[in-house]
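Heads up: the structure comes next, in structure tokens.
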Amino acid sequence: KRIKTHQNKEEVAVGMEKGFMDEFFEQVEEIRGFIDSLSEKVEEVKRKHSAILAAPNPDEKTKAELEDLMTDIKKLANKVRSKLKSIQQTIEQEEGQNRSSADLRIRKTQHSTLSRKFVEVMSEYNATQSSYRERCKGRIQRQLEITGRNTTNEELESMLESDNPAIFTSGIIMDSNITQQAMNEIETRHTEIIKLENSIRELHDMFMDMAMLVESQGEMIDRIEYNVEHAVDYVERAVSDTKKAVKYQSKARRVSQGRTGPTCMTSICSVIFGLSCVVPVLVLCFCLCWFSE
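Structure, rendered in structure tokens:
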């Protein structure tokens with residue numbers, strides 16, 4: 001009766017653990033979907049940037065759509081960060097209790113993979129914003145040259161730091177339509193740069209936080225890759241040993257000529273032993289490779 005009770009407890013524990021992992025993998029798929037959505041929005045931002053830069057005076061609809069995209073990216077990025085942080089805290093709690101299990105290693109690997117992918121997407125977004133800023137700055141510099149005002153890169157950066165667009169009209173005589181059009185574009189690009197820099201500042205802390213987390217996980221990923229490589233080496237050696245055992249068994253069969261004595265049994269055991277080496281290692285190698293995806 002005590003044995004049956006113990007078995008029931010084990011079955012309940014296994015069932016609870018399985019249910020927990022099912023829930024975890026649902027969460028992983030949700031986060032992966034959010035990251036994919038972020039990546040798509042970043043690509044859309046690139047297209048909006050190109051459309052805005054192609055027009056001297058972009059229409060308000062395109063600019064509004066760009067702002068909406070940037071707002072969506074910020075909200076979605078914060079949601080992903082929050083969920084990854086929650087998983088990280090759970091992992092750290094279990095590690096603090098000196099728990100070590102295959103499930104915990106799976107969760108750590110999945111968390112690391114998602115974190116890296118998230119940082120990759122946000123790095124691309126940051127690079128996109130930086131590129132857009134430089135292109136806007138280049139347009140401002142060219143328009144200033146049209147008005148007869150030449151500036152160095154340092155002078156232009158100093159002007160861009162100001163929130164007052166009037167700094168660009170200082171000393172310029174509005175004596176033609178060309179000059180007025182140039183100043184209108186300068187004002188438009190300056191406004192875009194101010195919005196862009198605000199967005200970069202808002203995401204900076206979150207980006208650095210996640211980048212540092214991924215960097216700290218690098219050692220764990222390196223260990224997984226090392227284990228996978230060595231598991232593959234061991235599989236190759238085990239397969240070689242199995243081939244030798246099969247060859248030996250074939251020779252033993254010819255010598256014994258149908259006898260089922262100790263020699264035959266020994267050769268069969270050799271084959272079984274060789275296979276017993278290969279199968280678990282193949283399973284281990286598969287798991288390590290899959291979980292490091």
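Mind the numbering: the sequence shown is residues 1 to 293 in UniProt numbering, read in order.
We treat Cβ as the ideally placed atom computed from N, Cα and C, and that holds for glycine.
Cβ distance (whole Å) where residue i is taken to contact residue j below 8 Å
i	j	result
ILE35	LEU156	Incorrect: roughly 36 Å between the Cβ atoms, too far for contact.
SER37	GLN129	At roughly 18 Å, the Cβ-Cβ gap does not stay under 8 Å, so SER37 and GLN129 are not in contact.
MET206	ARG116	About 15 Å; that fails the 8 Å criterion.
ARG189	ILE146	In fact, because the Cβ distance is near 13 Å, the residues do not count as touching under 8 Å.
VAL119	SER39	That belief does not hold up - the Cβ atoms of VAL119 and SER39 are roughly 12 Å apart, past 8 Å.
HIS41	ASP72	Reading the sequence as shown, one finds Lys at residue 41 and not His. So it is a contact: roughly 6 Å between Cβ atoms.
Between the CA atoms of residue j and residue i - distance to the nearest angstrom
i	j	result
SER86	ILE31	12 Å
PHE24	ASN98	20 Å
ILE52	ALA102	51 Å
THR151	CYS136	15 Å
LYS61	SER123	27 Å
GLU202	LEU144	30 Å
LYS74	VAL45	13 Å
GLN88	VAL214	11 Å
ARG47	GLU154	29 Å
ARG105	GLU161	48 Å
MET183	ASP163	15 Å
PHE168	GLN27	51 Å
MET220	GLU134	Any answer about MET220 is weak, because its pLDDT of 47 lies below 50 and its placement is not dependable; what the coordinates show is given next. For MET220 and GLU134, the distance between alpha carbons rounds to 37 Å.
ILE224	LEU84	With a pLDDT of 44 at ILE224, under the threshold of 50, the predicted position of this residue should be treated as unreliable, though the coordinate-derived value follows. When rounded, the distance between both Cα atoms is 20 Å.
GLY148	TYR125	35 Å
ASP209	LEU76	16 Å
MET70	GLY33	18 Å
MET212	ARG142	39 Å
SER158	GLN181	23 Å
ASN78	ALA127	19 Å
GLU197	GLU187	15 Å
GLU29	GLY138	42 Å
GLU43	ALA54	17 Å
Short Cβ contact (7 Å threshold) for residue i with residue j
i	j	result
GLU185	PRO58	no
TYR132	HIS49	yes
Near the ligand PLP: residue i beta-carbon under 6 Å from a heavy atom
i	result
SER115	Looking for the ligand PLP in the displayed structure turns up nothing, as the structure carries no ligands at all.
- Message: I'd like to know if the stretch 189-201 and the stretch 109-123 are in contact, where contact means that at least 3 CB-CB pairs between them fall below 8 Å.
- Response: no
- For the 8 Å Cβ check, are there 3 or more pairs between the stretch 88-95 and the stretch 52-70? no
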